[in-house]
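Those protein sequence lines, which keep their order, are chains A and B.
So that you can map any letter, position 100 of the first sequence is 110 in our numbering, and since no number is skipped, the others follow by simple counting.
So that you can map any letter, position 154 of the second sequence is 169 in our numbering, and since no number is skipped, the others follow by simple counting.
Every residue gets a Cβ at the ideal spot worked out from N, C-alpha and C, and that includes glycine.
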Amino acid sequence: MDMLESALEDISIVSLRGRLDTSCAGDLEKKLDSLINSAQVRMVVNLKEVEYISSSGLRVFLAELKKVRKQGGDIKLACLKPEIRQVFDIAGFTQLFNIFDTMELAMAHYKEIR
Amino acid sequence: MDTSVIDLLVELIQTTSVIVVFAYLVSRSKFFLGILDKQFSFKNQIVLILLFGALSIFGTYGGIKLPSGAIANIRDLGPMVAGLAAGPLTGLGAGLIGGVHRYLLGGFVCVPCALSTILAGLLGGFIHMLRKREFATIWQATLFAALMECLHMGLTLLLARPFSEAVSVVKQVIVPMVIANSLGMAVFAFVVRNLIHERNTAAEKELYRRALERTEYEMETARGIQQSFLPESPPKIAGFELGALNKPARQVGGDFYDFIPISEGKMGIVIADVSGKGVPAALFMALSRAIVRANVHETITTSEAIEKANHLIAEEAKFGMFVTLFYAVLDSKRRLLQYVNAGHNPPLMLKHLASDLILLNANGIALGALDDIRLEQKEVGLVADDIVVLYTDGIIEAVNDKGEQFGMDRLEKIISNNTNLPAQQLADQINDEVQRFAQGQQQFDDLTLIVLKVTGADTSAEK
């Protein structure tokens, strides 16, 4: 899986590509942890090019979401393919995460709640 | 270079070849290996003294008599190696054997030659101590041999009389002796260093192999313990048939299923999948299973039981661990399935009469994600020949060599085509087809199945 990181103002954008399974869940966890450690707790994760997510991937998002919310931040998810959205849906995680169809909507959501 | 020097060199190199064979054989002996393992026992040292003393004597005879009567030789080599390998005492012992022997042969250089051989052993031993009882590196050993032979020549010039004859002997032998002893030492050191390296590698491999074996054994034990957490066989319920199977992708896994007797005529059925894989998932599985078991009770509703279990699991759910779980209570008298779905793949139900497949959906969220959750509780009536298949995502996400997933459609088809099979056989059939589909591909997920079939037309008739 590939990870790309960028930032817009104080919002960190993490773009993922490929299969998010057990073998790379640890890498994602480290990446998001490093953002949190540098006090960047407002994140948008672009899942546009993610084809598969395993429960290990869900676990990482859940663990990191708990951390950023404690610090007043959020992890918003954007551009989920239908099959990825279904995985979040079945686990009930669509109730937990703010999920958006486009990056713009996800970014705008930060502005609204300010 | 005149021919006599070349002849000398050739002969000395031949002698050195004998030394190489000696080095190889001696270095493989248990005494030498014992010394390398830092077992400086009396026995090991005595044997080395005798062996390298003998080598020293061979070095004298294997040497070449010069016209002057002096012998160009590699007598110092044995004591030097003995010293480098085992310390000053062993070096001195071997040196004394070679040195005294040389002294007894007589000749005008006998005193400096004997002294040099004894010194060679002692100095080798000091290097051994300086190297903290390790054999010197190839370069150190070779340099030592070359310098030792220069010292040998110096002593000859200092002690042998008449001086003019000593000078002529030294002139003749210094080049062949420095070269031959250095070469002999280089080869010896090469053999010994290689041996040390081989043994270190072998020792590391052995350690690694043992650690691996221990881990393997522990994992097998863990697997046994985990399997003992699963029901040995599905319970027998009048008017119903139950079949189940569980195949962890690794030795231990995060899937589990359970049958929990609640009260007369009521049986709890659990299927669950812990996030992640391997040991972390297995530990969380054991915890979740115990909590669910402890909270299921006849006095509270199905949803309350799992909501309470969630509260306890959430307290322990560090690192984002969660468990998706489907829990149903089978009321065999009222022929009713009451269920909640905590973020699990919705089970498939084939209604025989409608020959329609329905999904047992209910609003919920995986356990451990939130401290307090509300789960929707639903009910579905059961009639004869209805089939309910509960499964984990290892079934539908099994991948074949083209990267395709097994998927819901294939699962539905197997169920529809095999309605006549008994519950356990249907579970086995689904598993077989998944295995066939995914043949040769490494599967990453555990695979768990429960099949519930309604058999009797009326439960009262069974009594």
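Practice problem: Counting only the same chain and skipping the five closest in sequence on each side, list residues whose C-beta sits under 8 Å from that of K323(B). | Solution: The sequence position of residue 323(B) within the second sequence is 308, counting from 1. The answer, listed in chain order, is N310, I315.
Quiz item: What does DSSP give as the partner residues of E149(B) in its beta bridges?
Solution: Here the question's residue 149(B) lines up with position 134 in the second sequence. According to DSSP, which records beta bridges pairwise, E149(B) is partnered with nothing at all.
Quiz item: So which of L30(A), I109(A), D84(A) has the shortest CA-CA distance to A49(A)?
Solution: By one-based count along the first sequence, residue 49(A) stands at place 39. It is D84(A) whose Cα lies nearest to the Cα of A49(A).
Quiz prompt | Three-state class that DSSP yields for G122(B) in the structure shown | solution = Taking the second sequence and counting its residues from 1, one reaches residue 122(B) at position 107. It is coil, neither helix nor strand.
Quiz item: What separation, rounded to the nearest whole angstrom, lies between the Cα atoms of A377(B) and D99(A)?
Solution: By 1-based counting over the second sequence, the position of residue 377(B) is 362. By 1-based counting over the first sequence, the position of residue 99(A) is 89. Whole-angstrom Cα-Cα distance: 12 Å.
Self-check item: Contacts around F205(B), its chain only, beta-carbon distance under 8 Å, and the 5 residues preceding and following it disregarded
Solution: In the second sequence, residue 205(B) corresponds to position 190, counting from 1. So the qualifying residues of the chain are I153.
Quiz item: From L18(A) to R29(A), what does the alpha carbon distance come to, in whole angstroms?
Solution: In the first sequence, residue 18(A) corresponds to position 8, counting from 1. In the first sequence, residue 29(A) corresponds to position 19, counting from 1. Taking the CA atoms as reference points, L18(A) sits about 26 Å from R29(A).
Exercise. Give, in chain order, every residue of the segment 333-355 of chain B whose Cβ lies closer than 7 Å to some Cβ of chain A.
Key: F334, G335, M336, F337, T339
Exercise. Name, going along the chain, the residues of the segment 281-306 of chain B whose beta-carbon falls closer than 7 Å to a beta-carbon of chain A.
Key: Listed in chain order, the positions of the segment 281-306 of chain B with a beta carbon within less than 7 Å of a beta carbon of chain A are D288, S290, G291, K292.
Self-check item: Residue range of the unbroken beta strand (DSSP E) whose run includes E59(A)
Solution: On the first sequence, residue 59(A) is found 49 positions in, with the first residue counted as 1. Start and end: 52-63.
Quiz prompt | Where the alpha helix (DSSP H) through L302(B) begins and ends | solution = Sequence index remark: in the second sequence, residue 302(B) carries index 287 (1-based). Taken as a continuous stretch (DSSP letters only), the alpha helix (DSSP H) holding L302(B) covers 293-310.
Quiz prompt | Beta-carbon proximity of M53(A) to A88(A), cut-off 8 Å | solution = For the purposes of this step, residue 53(A) is taken as the residue at position 43 of the first sequence. For the purposes of this step, residue 88(A) is taken as the residue at position 78 of the first sequence. No. Outside cutoff.
Quiz item: Is F73(B) helix, strand or coil by DSSP?
Solution: Along the second sequence, read from residue 1 onward, the residue named residue 73(B) stands at position 58. Residue state, collapsed to three classes: helix.
Practice problem: Output the distance between the C-alpha atoms of A218(B) and G114(B), rounded to the nearest integer angstrom. | Solution: Translated into the one-based positions of the second sequence, residue 218(B) becomes position 203. Translated into the one-based positions of the second sequence, residue 114(B) becomes position 99. Roughly 38 Å separates the two Cα atoms.
Quiz item: Hey, does G98(B) have any beta-carbon neighbour from chain A nearer than 8 Å?
Solution: Position 83 of the second sequence, counted from the first residue, corresponds to residue 98(B). No, its Cβ sits nowhere closer than 8 Å to a Cβ of chain A.
Quiz item: At least one CB of chain B closer than 8 Å to the CB of K91(A): is that the case?
Solution: Position 81 of the first sequence, counting from 1, holds the residue named residue 91(A). No - not a single Cβ of chain B is within 8 Å of the one on K91(A).
Quiz item: Got a sec, what are the start and stop residues for the beta strand (DSSP E) L14(A) sits in?
Solution: Translated into positions along the first sequence, residue 14(A) becomes position 4. Residues 12-18.
Exercise. Using a Cβ cut-off of 8 Å, pull out every chain A residue sitting near G358(B), in sequence order please.
Key: Here residue 358(B) refers to the residue found at position 343 when the second sequence is read from its first residue. Simply I100, A101, G102, F103.
Quiz item: Comparing the C-beta of R69(A) with each C-beta of chain B, is any distance below 8 Å?
Solution: Position 59 of the first sequence holds residue 69(A). Judged by the 8 Å Cβ criterion, R69(A) is in contact with chain B.
Exercise. Locate the beta strand (DSSP E) running through N108(A), then write down its first and last residues.
Key: Taking the first residue of the first sequence as 1, we reach residue 108(A) at position 98. Here the beta strand (DSSP E) through N108(A) covers 108-110.
Practice problem: Indicate whether at least one CB of chain A lies closer than 8 Å to the CB of A384(B). | Solution: As a working mapping, residue 384(B) is identified with position 369 in the second sequence. Chain A, which has a Cβ nearer than 8 Å to the Cβ of A384(B), makes this yes.
Practice problem: Please report the Cβ distance between L351(B) and E394(B), rounded to the nearest whole angstrom; I am assuming they are in contact, meaning their Cβ atoms lie under 8 Å. | Solution: Walking along the second sequence from the start, residue 351(B) turns up at place 336. Walking along the second sequence from the start, residue 394(B) turns up at place 379. Going by Cβ atoms, the distance from L351(B) to E394(B) rounds to 6 Å, so yes, they are a contact pair.
Quiz item: Where A320(B) and V403(B) are concerned, what is the direct C-alpha to C-alpha distance, given to the nearest angstrom?
Solution: On the second sequence, residue 320(B) is found 305 positions in, with the first residue counted as 1. On the second sequence, residue 403(B) is found 388 positions in, with the first residue counted as 1. Approximately 22 Å, taken between the alpha carbons.
Quiz prompt | Straight-line gap, P361(B) to L372(B) (C-alpha atoms, nearest Å) | solution = Looking up residue 361(B) in the second sequence gives position 346. Looking up residue 372(B) in the second sequence gives position 357. Computed Cα separation, rounded: 12 Å.
Self-check item: Secondary structure, alpha helix (DSSP H): runs of 4+ residues fully inside the segment 157-184 of chain B
Solution: Taken in chain order, the whole alpha helix (DSSP H) runs of length 4 or more contained in the segment 157-184 of chain B number zero.
Self-check item: Buried versus exposed call for L464(B) [16 or more other C-beta atoms within 10 Å across all chains shown]
Solution: Counting from 1 along the second sequence, the entry for residue 464(B) is found at position 449. Buried, since its Cβ has 16 or more Cβ neighbours within 10 Å.
Practice problem: Would you give the residue range spanned by the beta strand (DSSP E) that L482(B) belongs to? | Solution: Shown here, chain B extends from 16 to 478; a query on residue 482(B) therefore has no answer.
Practice problem: Mind checking which residues open and close the beta strand (DSSP E) that includes M282(B)? | Solution: As a first step, residue 282(B) is located in the second sequence; it is residue number 267 there, counting from the start. Looking at the DSSP string, the run of the beta strand (DSSP E) that includes M282(B) is 281-289.
Quiz item: CB G136(B) to CB G106(B), shorter than 8 Å?
Solution: Numbered from 1 along the second sequence, position 121 holds the residue referred to as residue 136(B). Numbered from 1 along the second sequence, position 91 holds the residue referred to as residue 106(B). Yes, these two residues count as a Cβ contact at 8 Å.
Quiz item: Where does C34(A) land, buried or exposed, given buried means 16+ other C-beta within 10 angstroms?
Solution: Walking along the first sequence from the start, residue 34(A) turns up at place 24. Looking at its Cβ environment, which holds 16 or more other Cβ atoms inside 10 Å, C34(A) is buried.
Quiz item: Roughly how many whole angstroms lie between the Cα atoms of T132(B) and L66(B)?
Solution: Residue mapping note: residue 132(B) aligns to position 117 of the second sequence, counting from 1. Residue mapping note: residue 66(B) aligns to position 51 of the second sequence, counting from 1. Their backbone Cα atoms lie some 15 Å apart in a straight line.
Quiz item: Relative to the alpha-carbon of K468(B), which residue among F255(B), A329(B), Q420(B) has its alpha-carbon at the smallest distance?
Solution: Residue 468(B) sits at position 453 when you count from the first residue of the second sequence. Out of F255(B), A329(B), Q420(B), F255(B) has the C-alpha closest to the C-alpha of K468(B).
Self-check item: Spatial distance of T30(B) from V188(B) (CA atoms)
Solution: Looking up residue 30(B) in the second sequence gives position 15. Looking up residue 188(B) in the second sequence gives position 173. Their Cα atoms are separated by approximately 15 Å.
Self-check item: Segment limits, beta strand (DSSP E) that includes M364(B)
Solution: Locating residue 364(B) in the second sequence gives position 349, where the first residue counts as 1. Residues 363-366.
Quiz prompt | Three CB pairs or more closer than 8 Å across the segment 436-456 of chain B and the segment 274-289 of chain B | solution = Segments in contact, no.
Quiz item: Between which two residues does the beta strand (DSSP E) harbouring E394(B) extend?
Solution: Mapped onto the second sequence, residue 394(B) falls at position 379. Start and end: 393-396.
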